[in-house]
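Here's the structure, in structure tokens; my notes come after.
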Amino acid sequence: MGGAPPPSFGLPRRYLRKDEAGAGRVMVTWLLVSLGASALWGVVLFVSDRGMAQIWPPARGNWITGIAAWLLTIAIYMGLIRTATADWNALDLPAWLRWGVGGVALSVAATWVQGRGITDLGLKGTSGWDVGVVTTGAYARRRHPQYAGQVLSLLGLALLGGSAWAGLAAVAGSAALIYASHVEDRFMARRHPDYGDYASQVRFF
């Protein structure tokens, strides 16, 4: 009663099983890369927020910390993307949802919001340098436009991939980014007395 087996295209079934197992291992590996990067980011933020060691944001901006932060972010994205491609549309979502919402709407919104955040804060500001309280451009409407854009892009990629495992990576990455926003809020409030007034007038995301 099971129905017809998938086509073998002339290959022995044992090779197909090995190929599927190999693809599964690849997916798990990349999923762990993304989840591991999110977890490490969370540990760094926790240690910094509790005053054990000021890793992020750094006490003084430096390229080592900045590059490390960007590498963690890249690992989150790469792990999610590779997980999604290995588990492509396993949820069998409709094309309009995957491509229309995930591939176009969320991606365009993410690019706009994140791009404005990076442009208005500057490369050094987004890499850990203290550039003061920026209240113009995108930062006049939300305190963390860069993180907001990244959250939108992670969710959009997971939806485009149609994969529950990619969704897990997106949720973990988003949680790390939202936590980073809170940690940076507290750091800025300690360093800049006028940040409290800014935070009370401008929304979080």
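The numbering of the sequence shown is the numbering used here, which starts it at 8 and goes up by one. Note that CB positions come from ideal geometry on N, CA and C, so glycine has one too. Quick caveat: nothing in here was measured; it's all calculated off a predicted structure.
#1: Per DSSP, residue 210 forms a beta bridge with which residues?
#2: Taking only three categories from DSSP, how would you classify residue 59?
#3: Going by DSSP in three states, residue 170 sits in which element: helix, strand or coil?
#4: Give the DSSP-derived three-state secondary structure of residue 189 in the structure shown.
#5: For residue 181, collect the residues of the same chain with a Cβ closer than 6 Å to its Cβ; drop the 5 residues on either side in sequence, then sort them by chain order.
#6: For residue 148 versus residue 209, is the C-beta spacing smaller than 8 Å?
#7: So, with DSSP's three-state summary, where would you put residue 97?
#8: Measuring CB atoms only, is the region 111-118 touching the region 77-89, in the sense that at least three cross pairs come out at less than 8 Å?
#9: Assign residue 190 to buried or exposed, taking buried as 16 or more other Cβ atoms, counted over all protein chains shown, within 10 Å of its Cβ.
#10: What does a CB cutoff of less than 6 Å around residue 202 pick up in its chain, not counting 5 residues either side in sequence?
#11: For residue 67, count neighbouring C-beta atoms within 10 Å of its own C-beta (all shown protein chains included) and say buried if the count is 16 or more, exposed if not.
#12: Can you find a CB in chain D that lies within less than 8 Å of the CB of residue 81?
#13: With distance defined between alpha-carbon atoms, name the residue in 152, 188 and 61 nearest to residue 127.
#14: On the three-state DSSP scale, how would you describe residue 160?
#15: What residues in its chain sit with their C-beta under 8 Å from that of residue 33, if we drop five residues either side in the sequence?
#16: Quick check: what's the CA-CA separation for residue 188 versus residue 171?
#17: Would you report the Cα separation of residue 22 and residue 176, rounded to the nearest angstrom?
#18: Does the Cβ-Cβ distance between residue 57 and residue 137 come in under 8 Å?
#19: Check each candidate in 71, 107 and 62 and name the one with the smallest Cα separation from residue 164.
#20: Would residue 169 be called buried (16 or more neighbouring beta carbons within 10 Å of its own) or exposed?
#21: Using only alpha-carbon positions, find the residue among 134, 193 and 183 that is nearest to residue 83.
Quick look at the numbers:
#1: As a working mapping, residue 210 is identified with position 203 in the sequence shown. Beta-bridge pairing links residue 210 to 149.
#2: In the sequence shown, the residue the question calls residue 59 occupies position 52. It is coil, neither helix nor strand.
#3: For the purposes of this step, residue 170 is taken as the residue at position 163 of the sequence shown. Of the three classes helix, strand and coil, the one that applies to residue 170 here is coil, per DSSP.
#4: As a working mapping, residue 189 is identified with position 182 in the sequence shown. Helix.
#5: What you label residue 181 is simply residue 174 of the sequence shown in a count that begins at 1. Excluding residues within five positions, the ones whose Cβ falls inside 6 Å are 158 and 161.
#6: Position 141 of the sequence shown, counting from 1, holds the residue named residue 148. Position 202 of the sequence shown, counting from 1, holds the residue named residue 209. Yes, these two residues count as a Cβ contact at 8 Å.
#7: Within the sequence shown, numbered from 1, the residue matching residue 97 stands at position 90. Three-state DSSP puts residue 97 in coil, outside helix and strand.
#8: no
#9: If you number the sequence shown from 1, residue 190 lands on position 183. By the 10 Å Cβ count, residue 190 comes out buried.
#10: On the sequence shown, residue 202 is found 195 positions in, with the first residue counted as 1. The residues are 140, 195 and 196.
#11: Here residue 67 refers to the residue found at position 60 when the sequence shown is read from its first residue. Label assigned to residue 67: exposed.
#12: The chain labelled as chain D is not found in the depicted structure, where only one protein chain is given.
#13: Mapped onto the sequence shown, residue 127 falls at position 120. When the alpha-carbon of residue 127 is set against those of 152, 188 and 61, the nearest one is in 152.
#14: Counting from 1 along the sequence shown, the entry for residue 160 is found at position 153. Helix, per DSSP.
#15: Taking the first residue of the sequence shown as 1, we reach residue 33 at position 26. If we look at residue 33 and ignore the five residues flanking it on each side, its Cβ neighbours are 89 and 93.
#16: As a working note, residue 188 is residue 181 in the sequence shown. As a working note, residue 171 is residue 164 in the sequence shown. In a straight line, the C-alpha of residue 188 is about 25 Å away from that of residue 171.
#17: Looking up residue 22 in the sequence shown gives position 15. Looking up residue 176 in the sequence shown gives position 169. Residue placement at residue 22 cannot be trusted, given a pLDDT of 43 that sits under 50; what the coordinates show is reported in the next sentence. Rounded to the nearest angstrom, the two C-alpha atoms are 30 Å apart.
#18: Stepping through the sequence shown from its first residue, residue 57 is reached at position 50. Stepping through the sequence shown from its first residue, residue 137 is reached at position 130. Against a cut-off of 8 Å, the Cβ pair of residue 137 and residue 57 comes out as no contact.
#19: As a first step, residue 164 is located in the sequence shown; it is residue number 157 there, counting from the start. When each option's Cα is compared against that of residue 164, the closest is 107.
#20: What you label residue 169 is simply residue 162 of the sequence shown in a count that begins at 1. Its Cβ being crowded by 16 or more others within 10 Å, residue 169 is buried.
#21: The count along the sequence shown starts at 1 and reaches residue 83 at position 76. Comparing Cα positions, the closest option is 183.
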